[in-house]
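Structure record follows, encoded as structure tokens.
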Amino acid sequence: MAKDTGIGIPLTEVIKYAKSLSTQTKRQAIVNFLLYWAEASGNEEAAREAIAEIMEGQAIDPNYMPKVFTPKYRSATIAMKLIDIVKEIDRKISTHQEHWDWAHVMRVMIDEGIIWKITRNKFDQLICQMLPGKGRDNVRKSGDFKIIDREEPWTQWTRQSHLNPQEAQDRMICNMIAMEFQPVLRRKIIMEY
975 MAKDTGIGIP LTEVIKYAKS LSTQTKRQAI VNFLLYWAEA SGNEEAAREA
1025 IAEIMEGQAI DPNYMPKVFT PKYRSATIAM KLIDIVKEID RKISTHQEHW
1075 DWAHVMRVMI DEGIIWKITR NKFDQLICQM LPGKGRDNVR KSGDFKIIDR
1125 EEPWTQWTRQ SHLNPQEAQD RMICNMIAME FQPVLRRKII MEY
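Read left to right, the sequence shown gives residues 975 to 1167 (our numbering).
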């Protein structure tokens, strides 16, 4: 049996650890422990606040960006700008200000070298880390992810709607999304009409 040293783990560290876990399922074990702790110690208020913070979502730390981001986007300064850009894109998608979806955002992030090519599930997880409180179903079900499987990058898709209306529309959407990422990109994006 382990010897009690009388040294406790600060609640802030427990919360930080729980939020670093990649899924709600993994965080649930910490939540269950906090519920047990609250009942055993009488710290219901502190446990309730900690659980609310943990369940709010996993916040990505700009100082420790996941390796799915290419090296340039792992520096804290650029990472903070990138997170702000993704928040703005989310606002435009969720308010239907633009006819964008997460499938197009994923395509732009891959083609512009922001992230390595990843699965749709990993992308869902990544966006939810950048937008604490965002439901994975909102990301996963947003758009036709078949555009990720196209061979050529979005910049090589046709602009001429009479040749391929869907591809031309997808290119226009990707162009507008790339304009949002302009502050962190290596190349200049020119708006296409």
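Don't be surprised by glycine CBs; every beta carbon is placed ideally from N, CA and C.
Residue i (DSSP reduced to helix, strand or coil)
i, result
"I1034", "coil"
Exposed unless 16 or more other CB atoms sit within 10 angstroms - verdict on residue i
i, result
"R1022", "exposed"
"R1160", "exposed"
"D1064", "buried"
"E1086", "buried"
"H1073", "exposed"
"R1001", "buried"
"R1133", "exposed"
"A1050", "exposed"
Selected residue, minimal CA-CA separation from residue i, among the options
i, options, result
"K990", "S1015, A1026, E1019 and G1087", "A1026"
"A1024", "Y1047, I1004, K977 and M1039", "I1004"
"M1104", "H1078, K1091 and I1059", "I1059"
"L1056", "H1070, W1131 and N1037", "N1037"
"K1096", "V1042, T979 and V1158", "V1042"
"G982", "L995, S1015, N1006 and T999", "S1015"
"I1084", "K1066, K993, E1125 and P1106", "E1125"
Proximal residues to residue i (C-beta, below 8 angstroms), its chain only, five neighbours per side dropped
i, result
"R1094", "M1080, R1114, F1119 and I1122"
"N1149", "W1128, I1163, M1165 and E1166"
Beta-carbon contacts of residue i that lie in its chain and below 6 angstroms, excluding the five residues immediately before and after
i, result
"R1048", "M1039"
"E1154", "I1059 and I1063"
"I1034", "Q1103 and M1104"
Proximal residues to residue i (C-beta, below 7 angstroms), its chain only, five neighbours per side dropped
i, result
"G1117", "D1075, W1076, A1077 and H1078"
"N1138", "T1132"
- Message: If we require 3 or more residues per run, which beta strand (DSSP E) segments fall completely within the stretch 1066-1134?
- Response: The stretch 1066-1134 contains no whole beta strand (DSSP E) run of 3 or more residues.
- Which whole runs of the alpha helix (DSSP H) in the stretch 979-1023 are 4 residues long or more, in chain order? Those alpha helix (DSSP H) runs which fall completely within the stretch 979-1023 and span 4+ residues are 985-994 and 998-1015.
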